[in-house]
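Participant:
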Amino acid sequence: MFSVNKIYSLVALSCVVGLTSCNKKVTLDTDQKKASYAIGSQLGKNLKDAKVDYDPDVLVQAMKDIKEGKPEALSQEEAMKAMQNLQQTAQKKQAETAEENKKKGDEFLAKNKTNANVKTTESGLQYVVEKEGTGKTPSDTDEVKVHYVGTLIDGTKFDSSVDRGQPAEFPVNGVIKGWTEALKLMKEGSKYKLTIPSDLAYGPMARPGIPPNSVLQFDVELLEVKKAQASAATDLGAAHGKAAAKPAKKK
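Letter by letter, the sequence shown follows residues 15 to 265 of our numbering.
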């Protein structure tokens, strides 16, 4: 969920550049233009991830006005009121989406549980052993190297170390609860398909590419168990497409 201050900071960042039209094709033939496009691209991604309903033409006009020193079309009070209304609308929409996803997720879990190959733990984690390894089983204090593909229950892929061509490495106890539990069931060389209830993943908190209360599925291959080293917790699905993207810190 976004906040008024967050949106203001995003827009303030973008105002360092001047754009002529949202629909005009630009030629990126200078570093200044390339940097401008990169800033605009990042702003667009951030606003999209935050589920902000905005008018790109008006947004660009506001940036042009600021850059050219023109008077702002809204007073600070009017702008704040508009942002608050937008935030309230988004919060309501996210709450409705979360409720709908919870219902769909529960129905999916109930049906998936009846499949002959699916095992369900006491916590509600569901998994299928596709290949049982013969190596070490990790503990809470270990780190692991894995390959994984993460999808929503409708098949939408939100993250994949396989696509990046680089295995992910992270501490066993530094990821979402469903991952931590599953990893401690696996041995090196194992391949599991995980179905993780939302309360063992991100719950009502939306993530980039992951709507609130989403049941998550992962194809996981445990490549190696390593001794733990000092490292930051990682973020599964928060930066898809980036080599550094890894499973997220559990709550």
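Beta carbons are placed, not taken as given, at the ideal position from N, Cα and C, and that holds for glycine. Predicted model only: the values in this text are computed from it and were never measured.
Evaluate Gly54 with the Cβ neighbour count: other Cβ atoms within 10 Å of its Cβ, from every protein chain shown; 16 or more gives buried, anything less gives exposed.
Facilitator: Against the sequence shown, residue 54 aligns to sequence position 40. The residue is buried, with at least 16 neighbouring Cβ atoms inside 10 Å.
Participant: CA-CA distance, Val176 and Val189?
Facilitator: Position 162 of the sequence shown, counted from the start, is the residue given in the question as residue 176. Position 175 of the sequence shown, counted from the start, is the residue given in the question as residue 189. Val176 and Val189 have their C-alpha atoms some 18 Å from each other.
Participant: Buried or exposed: which applies to Asp173, given that a residue is buried once 16 or more other Cβ atoms fall within 10 Å of its Cβ?
Facilitator: The residue you call residue 173 lines up with position 159 of the sequence shown. Buried: at least 16 other Cβ atoms inside 10 Å.
Participant: May I ask you to report which of helix, strand or coil DSSP gives Pro185?
Facilitator: The count along the sequence shown starts at 1 and reaches residue 185 at position 171. DSSP places Pro185 in strand when its eight states are reduced to three.
Participant: Just curious, the alpha helix (DSSP H) that Thr194 is in, first and last residue?
Facilitator: On the sequence shown, residue 194 is found 180 positions in, with the first residue counted as 1. Lys191 to Leu197 is the span of the alpha helix (DSSP H), which, as asked, contains Thr194.
Participant: State the Cα-Cα distance for the pair Val132 and Thr170, rounded to the nearest angstrom.
Facilitator: Position 118 of the sequence shown holds residue 132. Position 156 of the sequence shown holds residue 170. Computed Cα separation, rounded: 21 Å.
Participant: Ordered along the chain, which non-local residues of its own chain (more than five positions away) have a Cβ less than 7 Å from that of Asn115?
Facilitator: Within the sequence shown, residue 115 is the residue found at index 101, counting from 1. The answer, listed in chain order, is Pro225, Pro226, Asn227 and Ser228.
Participant: Would you check if there are 3 or more beta carbon pairs closer than 8 Å linking the stretch 131-151 to the stretch 190-202?
Facilitator: yes
Participant: So, using beta-carbon positions, are Pro185 and Val160 closer together than 8 Å?
Facilitator: As a first step, residue 185 must be located in the sequence shown, where it is residue number 171. As a first step, residue 160 must be located in the sequence shown, where it is residue number 146. Against a cut-off of 8 Å, the Cβ pair of Val160 and Pro185 comes out as no contact.
Participant: Hey, how far is the Cα of Lys275 from the Cα of Lys125?
Facilitator: The chain is shown from 15 up to 265; residue 275 falls before or after that span and cannot be answered.
Participant: Short check: CB of Leu42 to CB of Tyr51, under 8 Å?
Facilitator: Residue mapping note: residue 42 aligns to position 28 of the sequence shown, counting from 1. Residue mapping note: residue 51 aligns to position 37 of the sequence shown, counting from 1. Contact flag set, yes.
Participant: Determine the closest residue to Lys240 out of Gln231, Ser212, Thr155 and Gly164, with distance taken between C-alpha atoms.
Facilitator: Walking along the sequence shown from the start, residue 240 turns up at place 226. Of the candidates Gln231, Ser212, Thr155 and Gly164, the one whose C-alpha sits nearest the C-alpha of Lys240 is Thr155.
Participant: Between Lys207 and Asp168, how many whole angstroms is the CB-CB distance? I'm expecting something under 8 Å.
Facilitator: Your numbering for residue 207 matches position 193 in the sequence shown. Your numbering for residue 168 matches position 154 in the sequence shown. In fact, because the Cβ distance is near 16 Å, the residues do not count as touching under 8 Å.
Participant: For Thr111, which three-state DSSP category applies?
Facilitator: Numbered from 1 along the sequence shown, position 97 holds the residue referred to as residue 111. The DSSP-derived three-state label of Thr111 is helix.
Participant: What is the rounded straight-line gap between the Cα of Thr111 and the Cα of Ile210?
Facilitator: One-based indexing of the sequence shown puts residue 111 at position 97. One-based indexing of the sequence shown puts residue 210 at position 196. For Thr111 and Ile210, the distance between alpha carbons rounds to 18 Å.
Participant: Which of helix, strand or coil does DSSP assign to Tyr141?
Facilitator: To locate residue 141, count along the sequence shown from 1; it is residue 127. Looking at Tyr141 - three-state DSSP - the assignment turns out to be strand.
Participant: To the nearest angstrom, how far is the alpha carbon of Ala73 from that of Leu123?
Facilitator: Reading the sequence shown from its first residue, position 59 is the one you call residue 73. Reading the sequence shown from its first residue, position 109 is the one you call residue 123. A small fix is needed here, since residue 73 is Leu in this sequence, not Ala. Taking the straight line joining both Cα atoms gives about 42 Å.
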